[in-house]
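Numbers -24 to -1, 1 to 166, taken from mature numbering (1 follows the signal peptide of the UniProt record, and there is no 0), label the letters of the sequence shown in order.
Every residue, glycine too, gets a C-beta built ideally from N, C-alpha and C.
What follows is a single structure, written as structure tokens, with notes after it.
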Amino acid sequence: MKRILRLVCILSLTVSLISCTSYIKPIHTDPMPDSENITKKLSFRDGSLNFSFYGDYIFDKTDERLIFFTNKEIGGILQHIKGKPSSQILFTYTPASIYNNMLAFYYAGKTLDEIKKDFTTQHPEKEMPGGLLYRCQYNGHDIIEVYKQTEGGVVRWIAINDPGKQNTDKFKLENDKLFFELNAHLWTGL
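Here's what the structure looks like:
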């Protein structure tokens, strides 16, 4: 009986360790020379793209005090569209003032048309050449999801706000400037 109980415990532990995915982890991104901002090369299976950030974003470590979502919540957000991401290509956050947490994922073989079909209850707030933007609430957080079509698939950014520390308008302004001014080059097509 002890042997069976031990086997059940070992199997349960093994399954729980395998099924726990951590999205809160530094992702290696190559820095690109940029005089004013931090520009990172986001690499994925079928290519890469350069994405610029303001100088207060942190990439190489995690400070749990500044991360206000759980792995389970990200898992829930990822289920907004069908299919699992091929890879996580970014995790970053800001230490103060804006309280922005951001992740990015790559979906090999996915198209923007498939993304639109997956959002059956919501239309994109904004459509741009080769991209889509959705805004929503999830578990009390303000969420911005931005999708970029690449030649081999789709890059998906998820920006998350802590409304207890930052109002929605400032969060929206930060991400609008980040995606549509600092990275305007992304929306000129493939």
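- Contact fails between the segment 18 to 38 and the segment 49 to 59, because fewer than three Cβ pairs, one in each stretch, are under 8 Å apart.
- Going by beta carbons, Ala84 and Leu66 fall outside the 8 Å limit.
- Note on geometry: alpha-carbon atoms of Phe155 and Glu121 lie some 11 Å from one another.
- Looking only at Cys112, Ile91 and Met78, the smallest Cα-Cα distance to Ile(-1) is reached by Met78.
- At least 8 Å separates the beta-carbon of Tyr82 from that of Gln142.
- Of Thr68, Ile43, Phe45 and His161, the smallest CA-CA separation from His4 is found for Thr68.
- Rounded to the nearest angstrom, the Cβ distance from Ile119 to Gln125 is 20 Å, too far for a contact under 8 Å.
- Taking the C-beta atoms as reference points, Leu42 is found no nearer than 8 Å to Pro7.
- Residues of the same chain with a CB within less than 6 Å of the CB of Arg132, apart from the 5 flanking positions on each side, are Phe81 and Tyr123 in chain order.
- The alpha-carbon of Pro61 is positioned some 32 Å away from that of Glu12.
- Pro139 places its beta carbon less than 8 Å from that of Gly116.
- Under the DSSP definition of a beta bridge, Asn26 partners with Lys17.
- Take the alpha-carbon of Ala160 and the one of Glu90: they are about 23 Å apart.
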